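Trainee:
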Amino acid sequence: TIAAAVASAEAAGAEVQDLAAAKRTLFKLQKEKREELKRQKSVLDASAAVEEAMKKEDIDKLDEAISFAQSAGVDLIKLEPALDRLDELKEQQRDQRIKNAFDDLKYLVSERDIESATWAFEEAQSLGASPEELERADKLLSDLRMELDPEAETRRRRIEARKAKKGETKWNYSGKSDNKLVCNDRFREHEEELQKRRMLAYRARGRFKDEAEDQGDEGQEKNIKRERAEVAKEKGHVPLPQAAPVKGFQFGRAPPEETEGPRHISIQFTSEHGAGFDHHPTWWGMVVDSIDDEPGQPGLRQGDVIVEIGGMSLKELAPEDATERFADMLGDGVVMVVEPHVEVIGVLTTMNPFDANALADDLNRFGADWELSLQLLPGNGPCHARISMSGPQAAVVQAKSELDTFMQSSYVNS
C-alpha cells in the first residue's frame, strides 16, 4: 500500500521533497476514505432511522427520518415504501380530524351552540370532507338556525337562493336584458343610519379631535404629551433631565480561551486512518476543521489552531508551505503545540442610526484581512449593534485593538 511504501521510503532516507509529495498523496487518499466511510455510515444510520420510524404511528418522526435520509443520499427507490407509509398516515390523520370535526358539530348542535358548530363545520370543510358529509352537516346547522332565529334563517336561505338563481342568468349580448333591478329597502335604511351617525360624530368632535385626531397617531401622541406637560407645570412638577446615550464601541468580558495557554498534544497516527482529522492552513497555523473517532486525538478540539509540529512552526507561512511542512512532520507520537479557538463580543452604540449593510460589508472585509469570522448580531435599535469576532487566539488578541480603532473612527466619531 501507499502507507507502507511511504514508511519504507522514509526508512531508506528518500529525498525530502519526494517524501513530502508522497505523504500529501497519502493524506489525500486517507481523507477521501474517511469521507466515504462517513457517507456510508450516514446512509446506514438514515436507513435504520426510516425503518424504525415506519414501525410507529408518528408522522413527524417519519417525515423527519425521510428528510434526513434524503440529505444523507439514500436512494429514492429505497425510500418509496416509507413515502407511501407517510402518505397513508397523513390520510388517516386527515380522516380522523374530519371525523372529530363532525362529531364535535353534532354535539354542539345538540347543545344549541350555533357559533362553535359553525367553526367545526368550517374546519371539516377546510380539511377536504366529502360533499355528502358537508351537505348533511349543513342541513343540521340550517335546522338549528331555523329553530333559534327563524327570521334570519329564512332571510339567509332567500339570499342563497337568489345567488343560485343569479348564477343561472343568461345574457343575450344585445345590450338589453330582462333582469330587473332589485333595490333592497333595508339597504337605503342602512345608508341613512350611517349618515346620521357620521353627522353626530362630526358635531361631537371637540378641540382635541379637531386638532390632533386628523393628524394621526403621531399628532395625538404629541398633543397628549403637551397636555401632560402643562398639567405638570401647573402642579410644580419639574421633569428630570434625560441622560444622553453613551456612544462608543467596547468588547465584553474576555472569555477563558483568550488567556488560555498553549497545549502540547502527542499525535495518534495509523496507516489506515492517518491522523483522523481534517484541517486547512492559515497565516496563524493549521486550523482543525473536524476530528474523527478513529484513531482519535485526545485533547484536540474542533477549531483549535496547530501552531507548531515536531518543533517546526506553522505560523506566517504560505498555504502550500504550511501544508508541506505539516505533511513532512506528521507521524505517530509527534508533538503538536495547539492554541484554542476564541470568540469575543463587541457592542457598538452611536448617536445616529448607521447603515447595517455597510457595517456588515466592512466586517466581512476586516475578517478576510485577518482570517477571522466576524458577524453582525441584532441590537436594540438602529443605533445599537453587537459584533461577534471568532478565530485563532493570536489573531483575535491582535485584531481586537484594530477593530476598536476602526469602529471608533468609522462609526462612533463619524
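Per the working numbering, the very first residue in the sequence shown carries number 179; after that it's consecutive.
Every residue, glycine too, gets a C-beta built ideally from N, C-alpha and C.
In this text, all values refer to a predicted model and were calculated from it rather than measured experimentally.
Do Ile443 and Gly477 come within 7 Å of each other at the CB atom, strictly closer than that value?
Mentor: Yes. Within cutoff.
Trainee: For Gln428, count neighbouring C-beta atoms within 10 Å of its own C-beta (all shown protein chains included) and say buried if the count is 16 or more, exposed if not.
Mentor: Exposed, by the Cβ-count rule.
Trainee: Just to confirm, is the Cβ distance from Val466 to Gln480 under 7 Å?
Mentor: Yes, the Cβ-Cβ distance between Val466 and Gln480 is below 7 Å.
Trainee: Could you pull out every residue in the same chain whose Cβ sits closer than 6 Å to the Cβ of His562, ignoring the five residues on either side in sequence?
Mentor: Closer than 6 Å at Cβ, skipping near neighbours: Thr527.
Trainee: One question on the structure: do Val228 and Gly251 come within less than 7 Å of each other, judged by their Cβ atoms?
Mentor: Not closer than 7 Å, so no.
Trainee: Go ahead and label His458 buried or exposed: buried means 16 or more other beta carbons lie within 10 angstroms of its beta carbon, across all protein chains shown.
Mentor: Its Cβ having fewer than 16 others within 10 Å, His458 is exposed.
Trainee: Across the region 296-312 and the region 269-286, are there enough close Cβ pairs to call them in contact, namely three or more that are closer than 8 Å?
Mentor: At 8 Å Cβ cutoff, the stretches touch.
Trainee: Touch check for the region 560-580 and the region 445-463: three-plus C-beta pairs under 8 Å?
Mentor: Touching, yes, given that three or more Cβ pairs across the two stretches are closer than 8 Å.
Trainee: Please state the DSSP three-state secondary structure of Glu486.
Mentor: Looking at Glu486 - three-state DSSP - the assignment turns out to be strand.
Trainee: Considering only residues of the same chain and omitting the five flanking positions on each side of Ser468, which have a CB-CB separation below 7 Å?
Mentor: Within the same chain, Ser468 has close Cβ partners Phe455, Asp456, Gln480.
Trainee: Roughly how many angstroms lie between the CA atoms of Arg340 and Glu399, to the nearest whole one?
Mentor: Cα-Cα distance, rounded: 49 Å.
Trainee: Where does Ala307 sit, in a helix, a strand or coil, going by DSSP?
Mentor: In this structure, Ala307 counts as coil in the three-state DSSP scheme.
Trainee: How is the beta strand (DSSP E) around Met529 delimited, first residue to last?
Mentor: It is not in any beta strand (DSSP E) - Met529 carries neither H nor E in the DSSP assignment.
Trainee: Assuming Ile445 and Val512 are in contact, meaning their beta carbons sit under 8 Å apart, how far apart are those beta carbons, in whole angstroms?
Mentor: Indeed they touch by this definition, with Cβ atoms about 5 Å apart.
Trainee: Please classify Gly452 as buried or exposed, where buried requires at least 16 neighbouring CB atoms within 10 angstroms.
Mentor: So Gly452 ends up on the buried side.
Trainee: From the DSSP secondary-structure annotation, give me the bridge partner or partners of Val516.
Mentor: DSSP lists Arg441, Ile484 as partners of Val516.
Trainee: Quick check: the Cα distance between Asp506 and Lys201, rounded to an integer number of angstroms?
Mentor: C-alpha separation (whole angstroms): 7 Å.
Trainee: Expressed to the nearest angstrom, what Euclidean distance is found between the alpha-carbon atoms of Leu257 and Ala224?
Mentor: Straight-line Cα distance between these residues: approximately 11 Å.
Trainee: Below 8 Å on the Cβ atoms is my guess for Leu240 versus Leu207; work out the distance and round it to an integer in Å.
Mentor: Not confirmed; about 38 Å, so no contact.
Trainee: Just list the residues that DSSP pairs Gly463 with in beta bridges.
Mentor: Paired residues: Thr460.
Trainee: In terms of residues, what are the limits of the beta strand (DSSP E) holding Phe427?
Mentor: Residues 426-429.
Trainee: Given this structure, state the Cα-to-Cα distance separating Ala577 from Glu269, to the nearest angstrom.
Mentor: When rounded, the distance between both Cα atoms is 58 Å.
Trainee: For Leu359, which residues from the same chain have a beta carbon less than 7 Å from its beta carbon, with the 5 sequence-adjacent residues on both sides left out?
Mentor: Its pLDDT being 48, under 50, Leu359 is placed unreliably by the model, and nothing is read from it.
Trainee: What is the residue span of the beta strand (DSSP E) that Ser568 lies within?
Mentor: Here the beta strand (DSSP E) through Ser568 covers 562-570.
Trainee: What three-state label does DSSP hand Gly452 in the structure shown?
Mentor: If DSSP states are grouped into helix, strand and coil, Gly452 belongs with the strands.
Trainee: Please return the same chain residues whose Cβ sits closer than 7 Å to the Cβ of Arg385, not counting the five positions on each side in sequence.
Mentor: For Arg385, the pLDDT reaches just 43, beneath the cut-off of 50, and the residue's location in the model is therefore unreliable, although a value from the coordinates is still provided. Cβ neighbours of Arg385 beyond the five flanking positions: none.
Trainee: Report all residues from its chain with a CB closer than 6 Å to the CB of Gly557; omit the five preceding and five following residues, and keep chain order.
Mentor: Ala563, Arg564.
Trainee: Do you know whose CA, among Pro309, Ala407, Leu204, Ala199, lies nearest Glu450's CA?
Mentor: Here the closest residue by C-alpha is Leu204.
Trainee: What are the start and end residues of the beta strand (DSSP E) that includes Leu555?
Mentor: It spans 551-555 - the beta strand (DSSP E) in which Leu555 sits, taken as one unbroken run.
Trainee: Which same chain residues end up closer than 7 Å to Ala536 when comparing Cβ atoms and leaving out the 5 residues on each side of it in sequence?
Mentor: If we look at Ala536 and ignore the five residues flanking it on each side, it has no Cβ neighbours.
Trainee: Considering only their Cβ atoms, is the gap separating Leu312 from Arg272 smaller than 7 Å?
Mentor: Result no, Cβ atoms of Arg272 and Leu312 do not sit closer than 7 Å.
Trainee: Could you name each continuous alpha helix (DSSP H) segment of 4 residues or more that falls completely within the region 235-279, going from the start of the chain to the end?
Mentor: Segments of the alpha helix (DSSP H) lying fully in the region 235-279: 237-250.
Trainee: Report back the beta-carbon spacing between Ala315 and Ala330 to the nearest angstrom; my notes put them in contact at under 8 Å.
Mentor: That pair is no contact at about 19 Å.
Trainee: Helix, strand or coil: how does DSSP classify Glu494 here?
Mentor: If DSSP states are grouped into helix, strand and coil, Glu494 belongs with coil.
Trainee: Rounded to whole angstroms, what's the CA-CA distance from Leu554 to Thr501? Just pull it up for me.
Mentor: Taking the straight line from one Cα to the other gives about 32 Å.
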